[in-house]
Amino acid sequence: MNSHANHHHLGLPASIAQRVTAPLAQCSQSDLPDLVGELLCQLVDDGLDALPLPGEGDTLHRWRVLAAVSGLDLSLAKLFEAHTDALSILAQAGEDDLPHLAVWGVWCAESPQAMLKVQALPNENRLLLNGEKHWCSGAHVVSHGLLSYRDEQGRSCLAALDLDQAGVEIIDDDWLAVGMAATRTARLRLKNASARPVGTPDFYLRRPGFWQGGAGIAACWFGAAAALADHLRGQLVQRHDEHALARLGNTECTLHAAAQCLRTAARWIDSNPTADAMRMTLRARLTVEAAARQTIDDIGAALGPRPYCAERRSARLLADLPVFLRQSHAGRDLAQLGTTCLDTEQTPWQL
């Protein structure tokens, strides 16, 4: 990428951006998972994870950092976002005695086929976990994980797990996709693994940070889409192709709307830190998702196969972003957002 393709570094100190960009540009696909793990630990060691918590007055800065990392590599961003989300969750739970330089994952996907069995040892303030946990991105890289489980009443609960123990086995046979492969998403097999409870039952889903954090995912999508758009822009500086320029104009409109939506959401969250941010977050996520999909379509239509095949960063982003976007619930989220539009007597669409 050329000098026109550097705005996605906004939010990152230049020295850190360069230390991440240079090795990524030279890394083969087979070596990428190891490099992503090294870079994640480097970002934590550099203190880049010390971000403002959502709703504390500078949510936009938090999202700008997430977007900047996403413009460099989405697998790295996925793991970095999860780590910063874990720090936010732990802070909201009142957990302040954290292991030094720990790197965290957040693994809260649940399925009826893989439910953890949990034995509480209240006198010791710990849990024994048995069973499997699927969709554990970064399990080979992180030192600790926040896992969801259900208690005897069916309530959603959280446990903090140190992965460096005999009862934790990491199994690599779940992730078959090319996109986001460098996250090394795996499943955990737990046998009397020791963990400690975090927060109260239903804390994870009911805290304001649940929806606030969900909007942070949209910032990652936006950062990747903006990096692709900058690549398109850079390719067209010396090329006056009306069709390609029309596609760039289309990208400008969609990404501008997405950026405005994220800024509005950040301001609203900072002004209403304890309010339910579901509607604001759904709107931001769905707007950014549509913009990202449009950007993918535009860059391919404007430049043909080259960004998919001949340039390392754009090729990785184009492989990773469609997979990451599927963290959206698509039609279900649209229906949920539509339902919120019926909850007010006044029209929600005013200047």
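For what it's worth, our numbering labels the leading residue of the sequence shown as 14, then goes sequentially. Virtual Cβ for every residue (Gly too), placed ideally from N, Cα, C. Please read all numbers here as calculations on a predicted model, not as lab measurements.
For Ala7, does the count of other Cβ atoms within 10 angstroms reach 16, so buried, or fall short, so exposed?
One cannot answer for residue 7 here, as it falls past the ends of the chain, which runs 14 to 364.
At what residue ranges does the region 166-211 contain a whole run of the beta strand (DSSP E), taking only runs of 3 or more?
169-175, 181-184 and 199-211
By a C-beta neighbour count over all protein chains shown, 10 Å radius and 16 as the cutoff for buried, is Cys266 buried or exposed?
Residue mapping note: residue 266 aligns to position 253 of the sequence shown, counting from 1. With a threshold of 16 other beta carbon atoms within 10 Å, Cys266 falls short and is exposed.
The region 230-237 contacting the region 84-95, beta-carbon criterion three pairs below 8 Å
yes
Go ahead and pull the three-state DSSP assignment for Ala127.
The residue given as residue 127 occupies position 114 in the sequence shown. Strand, per DSSP.
Beta carbon of Leu261 nearer than 8 Å to that of Leu275:
Reading the sequence shown from its first residue, position 248 is the one you call residue 261. Reading the sequence shown from its first residue, position 262 is the one you call residue 275. No Cβ-Cβ contact shorter than 8 Å links Leu261 with Leu275.
Which word fits Ala348, buried or exposed, when buried means at least 16 other C-beta atoms lie within 10 angstroms of its C-beta?
Looking up residue 348 in the sequence shown gives position 335. Ala348 should be labelled exposed.
Rounded to whole angstroms, how far is the Cβ of Gln178 from the Cβ of Ala206, which I believe are closer than 8 Å?
Counting from 1 along the sequence shown, the entry for residue 178 is found at position 165. Counting from 1 along the sequence shown, the entry for residue 206 is found at position 193. About 6 Å; that satisfies the 8 Å criterion.
So for Thr352, helix, strand or coil by DSSP?
To locate residue 352, count along the sequence shown from 1; it is residue 339. The answer is helix: DSSP assigns Thr352 an H, G or I state.
Near Asp59, what residues of its chain come up, given a Cβ to Cβ distance below 7 Å and the 5 sequence neighbours on each side ignored?
Here residue 59 corresponds to residue number 46 of the sequence shown, with the count starting at 1. Only Ile29 meet the Cβ criterion.
Measuring only the C-alpha atoms, how far is Leu79 from Leu25?
Mapped onto the sequence shown, residue 79 falls at position 66. Mapped onto the sequence shown, residue 25 falls at position 12. Roughly 9 Å separates the two Cα atoms.
What would DSSP say about Gln132, mapped onto helix, strand or coil?
Position 119 of the sequence shown holds residue 132. Annotated three-state conformation of Gln132 is strand, per DSSP.
Could you give the C-beta distance for Ser88 and Thr196, rounded to a whole number, given that I count them as a contact under 8 Å?
Residue mapping note: residue 88 aligns to position 75 of the sequence shown, counting from 1. Residue mapping note: residue 196 aligns to position 183 of the sequence shown, counting from 1. The beta carbons of Ser88 and Thr196 sit about 5 Å from each other, so the pair counts as a contact at 8 Å.
If you run the structure through DSSP and keep just helix, strand and coil, what is Gly158?
To locate residue 158, count along the sequence shown from 1; it is residue 145. Three-state result, Gly158: strand.
Report yes if the CB atom of Cys214 is closer than 8 Å to the CB atom of Asp164, and no otherwise.
Here residue 214 corresponds to residue number 201 of the sequence shown, with the count starting at 1. Here residue 164 corresponds to residue number 151 of the sequence shown, with the count starting at 1. Residue 214 is actually Pro in this sequence, not Cys. The Cβ-Cβ distance between Pro214 and Asp164 falls below 8 Å.
Thinking C-beta only, is Ala38 closer than 8 Å to Arg325?
On the sequence shown, position 312 is the one that residue 325 refers to. On the sequence shown, position 25 is the one that residue 38 refers to. Taking 8 Å as the Cβ cut-off, Arg325 and Ala38 qualify as a contacting pair.
Assuming Leu295 contacts Asp346 (C-beta within less than 8 Å), just tell me the rounded distance between them.
Working through the sequence shown from its first residue, we reach residue 295 at position 282. Working through the sequence shown from its first residue, we reach residue 346 at position 333. Their Cβ separation, rounded to whole angstroms, is 5 Å, which keeps Leu295 and Asp346 in contact under 8 Å.
Leu241 lies in the alpha helix (DSSP H); which residues open and close that run?
Taking the sequence shown and counting its residues from 1, the one referred to as residue 241 is at position 228. Residues Gly222 to Leu249.
Go to Cys121, then tell me how far its alpha helix (DSSP H) extends in each direction, as first and last residue.
In the sequence shown, counting from the first residue as 1, residue 121 sits at position 108. Premise fails: Cys121 is in no alpha helix (DSSP H) and is neither H nor E.
According to DSSP, what are the bridge partners of Asn143?
Your numbering for residue 143 matches position 130 in the sequence shown. Lys130, per the DSSP bridge assignment.
Spatial neighbours of Ala271 within its chain, please: C-beta separation below 7 Å, excluding the five flanking residues on both sides.
Position 258 of the sequence shown holds residue 271. Contacts found: Phe235, Thr300, Val301 and Ala304.
In three-state terms, what does DSSP make of Cys149?
Along the sequence shown, read from residue 1 onward, the residue named residue 149 stands at position 136. Strand at Cys149.
Roughly how many whole angstroms lie between the Cα atoms of Ala375 and Glu108?
This structure leaves residue 375 out entirely; the chain is present only between 14 and 364.
Please report how far the alpha carbon of Gln55 lies from the alpha carbon of Thr198, in whole angstroms.
Within the sequence shown, numbered from 1, the residue matching residue 55 stands at position 42. Within the sequence shown, numbered from 1, the residue matching residue 198 stands at position 185. Straight through space, the alpha carbons of Thr198 and Gln55 are spaced by roughly 20 Å.
Trp281 (DSSP reduced to helix, strand or coil):
By one-based count along the sequence shown, residue 281 stands at place 268. In this structure, Trp281 counts as helix in the three-state DSSP scheme.
Name the residue from Arg200, Leu171, Thr357 and Asp175 whose alpha carbon lies nearest to the alpha carbon of Asp185.
By one-based count along the sequence shown, residue 185 stands at place 172. Nearest C-alpha to Asp185: Arg200.
Shorter than 8 Å from the beta carbon of Phe93 to some beta carbon of chain B?
No chain B is present in this structure, which holds just one protein chain.
Rounded to a whole number of angstroms, what is the C-alpha to C-alpha distance between Ala115 and Asp310?
For this step, residue 115 is matched to residue 102 along the sequence shown. For this step, residue 310 is matched to residue 297 along the sequence shown. Ala115 and Asp310 have their C-alpha atoms spaced approximately 39 Å apart.
So the candidates are Glu182, Tyr162 and Leu241; which of them puts its Cα closest to the Cα of Asn173?
As a working note, residue 173 is residue 160 in the sequence shown. It should be noted that the sequence gives Ala, not Asn, for residue 173. It is Tyr162 whose Cα lies nearest to the Cα of Ala173.
Which value, in whole angstroms, describes the spacing of the CA atoms of His20 and Ala228?
Position 7 of the sequence shown holds residue 20. Position 215 of the sequence shown holds residue 228. For His20, the predicted structure reports a pLDDT of 42, less than 50, and the residue's modelled location is therefore unreliable. The matter cannot be settled from this model.
Can you list, in chain order, the stretches of the alpha helix (DSSP H) that have 4 or more residues and sit fully within the region 44-103?
Runs found: 45-58 and 72-85.
Beta-carbon within less than 8 Å of Ala104's beta-carbon, same chain only, minus the 5 sequence neighbours each way: which residues are those?
One-based indexing of the sequence shown puts residue 104 at position 91. Only Leu66 meet the Cβ criterion.
Reference Gly212, options Gly247, Leu189, Leu160 and Val250, closest by Cα
Looking up residue 212 in the sequence shown gives position 199. Minimum Cα distance to Gly212 is reached at Leu160.
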